[in-house]
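K.L.:
Now the structure itself:
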């Protein structure tokens, strides 16, 4: 099997307009054969979906999901192009599935571009130190760091997480499939996830520390 390089993924993206992870998966499926990968993307409707990605999405819906007896709640805004599509069962089902996924998978970001440079730098430094401590040579260390960063995105970025109902596809692939069926651009704009009591203990500890400081540590 040919090694799947960044250049191969870049070329496939340029030729199809499909997402990076979709291109990478297609190349893996076809053992690095770009022409076959293009056919694979077309069959899945992902290449066609990518062509719609630049269209304005001003309609859509805000979906919600409550889980665990009211202990976890999610609000998510998913956009499409027309109000007609926003009202369809297919679109509403997608919004519910994404909200449910967020409740279960705890993403921190919608897409990798939202991860700030300071967070990326910190994660890279941690991964690099771990690899160096294991005695790996510098050339191998950088490959390890790159691999761990991809795993970081897959763990915390919504669109790159394995979909909880079908781990063989990412949330991005789920959306792309819906785009191919519905015929409109679909984008997740934002979400918020609430967990009952989250952060309260920390605030109580901070308050207790402040009281102790004011009392002179007594």
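Numbering (this note's numbering), first residue to last: 1 to 218. Cβ atoms here follow ideal geometry from the backbone N, Cα and C, with glycine treated the same way.
Can you give me the C-alpha to C-alpha distance between residue 74 and residue 85, rounded to a whole angstrom?
P.N.:
Residue mapping note: residue 74 aligns to position 74 of the chain shown, counting from 1. Residue mapping note: residue 85 aligns to position 85 of the chain shown, counting from 1. Their Cα atoms are separated by approximately 22 Å.
K.L.:
What ranges does the beta strand (DSSP E) occupy inside the stretch 133 to 196, keeping only unbroken runs of at least 3 residues that lie completely in it?
P.N.:
166 to 170 and 187 to 195
K.L.:
Could you have a look at residue 74 and say whether DSSP puts it in helix, strand or coil?
P.N.:
Stepping through the chain shown from its first residue, residue 74 is reached at position 74. The three-state secondary structure of residue 74, taken from DSSP, is strand.
K.L.:
Can you tell me whether residue 6 is buried or exposed, with buried defined as 16 or more other CB within 10 angstroms of its CB?
P.N.:
If you number the chain shown from 1, residue 6 lands on position 6. The residue in question, residue 6, is exposed, as its Cβ has fewer than 16 Cβ neighbours within 10 Å.
K.L.:
If you draw a straight line from the C-alpha of residue 104 to the C-alpha of residue 196, how long is it?
P.N.:
For the purposes of this step, residue 104 is taken as residue 104 along the chain shown, with counting starting at 1. For the purposes of this step, residue 196 is taken as residue 196 along the chain shown, with counting starting at 1. Each residue's alpha carbon lies about 14 Å from the other.
K.L.:
Quick check on the DSSP output: the alpha helix (DSSP H) that includes residue 261 runs from which residue to which?
P.N.:
Nothing about residue 261 can be reported from this structure: the residues present for the chain run from 1 to 218 only.
K.L.:
Give every residue of the same chain whose Cβ lies closer than 6 Å to the Cβ of residue 100, excluding the five residues on either side of it in the sequence, and list them in chain order.
P.N.:
As a working mapping, residue 100 is identified with position 100 in the chain shown. Correct list, in chain order: 65.
K.L.:
So residue 110 and residue 174 are supposed to be a Cβ contact under 8 Å. How far apart are they, rounded?
P.N.:
Counting from one through the chain shown, the residue named residue 110 turns up at place 110. Counting from one through the chain shown, the residue named residue 174 turns up at place 174. At roughly 14 Å, the Cβ-Cβ gap does not stay under 8 Å, so residue 110 and residue 174 are not in contact.
K.L.:
Just to check my reading of the structure: residue 20 and residue 13 have Cβ atoms closer than 8 Å, yes? What is that Cβ distance to the nearest angstrom?
P.N.:
One-based indexing of the chain shown puts residue 20 at position 20. One-based indexing of the chain shown puts residue 13 at position 13. Right, their Cβ atoms sit about 6 Å apart.
K.L.:
Looking only at its own chain, which residues have a Cβ that is under 7 Å from the Cβ of residue 141, when we skip the five neighbours before and after it?
P.N.:
By one-based count along the chain shown, residue 141 stands at place 141. Excluding positions up to five away in sequence, the list reads 128, 131 and 132.
K.L.:
Between the alpha carbons of residue 238 and residue 42, how many angstroms are there, rounded?
P.N.:
The chain is shown only over 1 to 218; residue 238 falls outside these bounds and no answer can be derived.
K.L.:
Where does residue 66 sit, in a helix, a strand or coil, going by DSSP?
P.N.:
Reading the chain shown from its first residue, position 66 is the one you call residue 66. Strand, per DSSP.
K.L.:
I'd like to check one pair, residue 37 with residue 27: are the Cβ atoms closer than 8 Å?
P.N.:
Along the chain shown, read from residue 1 onward, the residue named residue 27 stands at position 27. Along the chain shown, read from residue 1 onward, the residue named residue 37 stands at position 37. Taking 8 Å as the Cβ cut-off, residue 27 and residue 37 qualify as a contacting pair.
K.L.:
Exposed or buried, which one is residue 116 when buried takes at least 16 other CB atoms within 10 Å?
P.N.:
Taking the first residue of the chain shown as 1, we reach residue 116 at position 116. Exposed is the call here.
K.L.:
Would residue 218 be called buried (16 or more neighbouring beta carbons within 10 Å of its own) or exposed?
P.N.:
Within the chain shown, numbered from 1, the residue matching residue 218 stands at position 218. Because residue 218 carries a pLDDT of 46, less than 50, the predicted location of this residue cannot be relied on, and the following value inherits that uncertainty. The residue is exposed, with fewer than 16 neighbouring Cβ atoms inside 10 Å.
K.L.:
Could you have a look at residue 11 and say whether DSSP puts it in helix, strand or coil?
P.N.:
Counted from its first residue, the chain shown places residue 11 at position 11. It is helical.
K.L.:
Thinking residue 57 and residue 187 are a contact (beta carbons under 8 Å), I'd like their distance in whole angstroms, please.
P.N.:
Your numbering for residue 57 matches position 57 in the chain shown. Your numbering for residue 187 matches position 187 in the chain shown. Their Cβ separation, rounded to whole angstroms, is 5 Å, which keeps residue 57 and residue 187 in contact under 8 Å.
K.L.:
Which of the three DSSP states, helix, strand or coil, is assigned to residue 3?
P.N.:
Here residue 3 refers to the residue found at position 3 when the chain shown is read from its first residue. In the structure shown, residue 3 sits in coil (DSSP, three-state: anything other than H, G, I, E or B).
K.L.:
Who are residue 59's beta bridge partners in DSSP?
P.N.:
Within the chain shown, numbered from 1, the residue matching residue 59 stands at position 59. 80, per the DSSP bridge assignment.
K.L.:
Considering only residues of the same chain and omitting the five flanking positions on each side of residue 96, which have a CB-CB separation below 6 Å?
P.N.:
Within the chain shown, the letter at position 96 stands for residue 96. The answer, listed in chain order, is 63.
K.L.:
Can you grab the Cα-Cα spacing for the pair residue 29 / residue 15, in whole Å?
P.N.:
Against the chain shown, residue 29 aligns to sequence position 29. Against the chain shown, residue 15 aligns to sequence position 15. Cα-Cα distance, rounded: 17 Å.
K.L.:
Output the distance between the C-alpha atoms of residue 126 and residue 182, rounded to the nearest integer angstrom.
P.N.:
Here residue 126 refers to the residue found at position 126 when the chain shown is read from its first residue. Here residue 182 refers to the residue found at position 182 when the chain shown is read from its first residue. Using only the alpha carbons, I get a separation of about 43 Å.
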